[in-house]
Amino acid sequence: MNQALGGYSNWIFPTYAPERNSFVGPGAWNLDLAVSKRFYIWKEASIELRAEGFDLLNHHNLYVQQGLANAASYYSSNPEILASKGGVNGATSEERRFGQLPAKIDF
1 MNQALGGYSN WIFPTYAPER NSFVGPGAWN LDLAVSKRFY IWKEASIELR
51 AEGFDLLNHH NLYVQQGLAN AASYYSSNPE ILASKGGVNG ATSEERRFGQ
101 LPAKIDF
């Protein structure tokens, strides 16, 4: 491309670029389960009891959080990317299974 006409001279030829979806990261496992039962108190009212479990397999999903690339080795021939266990928006480093027992009254 001609730079005088507003083009770029350092673009990548499509034949030399990596294929689409060619980078594959580690697999992620997530299994959640919910069981509910509704009991009718009278004609217009009912109560629903639920049992919910999250991350039942207790499998740690490793991924790169924002800002964890080592900047010193980023431009070297062996860039270093630090993987860590993720939490809720990266706020905690512990991933664990947990459950809850909610109840809902409808009328």
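The opening residue of the sequence shown carries number 1 in full-length UniProt numbering; numbering runs sequentially from there. The beta-carbon is built from N, C-alpha and C at its ideal position, and this holds for glycine as well. As the structure is a prediction and not an experimental result, all values here were calculated from the model.
- Query: Which of the three DSSP states, helix, strand or coil, is assigned to Q66?
  - Reply: Low local confidence applies: a pLDDT of 49 at Q66 is under 50, so the model's placement there is unreliable, and no value is given.
- According to DSSP, which residues form a beta bridge with R50? S36
- Query: How many angstroms separate the CA atom of F107 from the CA atom of E44?
  - Reply: 6 Å
- Task: Have a look at the DSSP bridge pairing and note the partners of D106.
- Result: Bridge partners of D106: S46.
- Message: Suppose the cutoff is 6 Å on Cβ atoms and the five residues either side in sequence are ignored; what does the same chain contact list for N58 look like?
- Response: R97
- Message: Let me check understanding here. Comparing Cα to Cα, which of R50, L33, L56 lies closest to P102?
- Response: R50
- Relative to the C-alpha of W29, which residue among V35, F54, I105 is closest? Looking at the Cα atoms, F54 is the closest of the given residues.
- Message: Considering Cα atoms alone, identify which of L33, F39, R38 is closest to Q100.
- Response: Selected option, being the one with the closest Cα: L33.
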